[in-house]
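Before any comments, here is the structure.
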Amino acid sequence: MHCIKLLGDKLRARRFDSQVNEIHARMAVLNKFTDL
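Residue numbers (UniProt numbering): 1 to 36.
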């Protein structure tokens, strides 16, 4: 769970569609961390 702190807990994007893309990118990163 340490990797979540590295990503931060706030979304940087302001528009909703950009936030969705950011969430998808974070989930991809978290999935890579859990695969290790």
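All C-beta atoms, glycine included, are put in the ideal place defined by N, C-alpha and C.
These figures come from a predicted structure and were not determined experimentally.
Whole-angstrom distance between residue j and residue i, CA atom to CA atom
i	j	result
F16	V29	20 Å
D27	R14	The question names Asp, but residue 27 in the sequence shown is Met. Each residue's alpha carbon lies about 18 Å from the other.
L36	V20	25 Å
T34	H24	15 Å
S18	N31	20 Å
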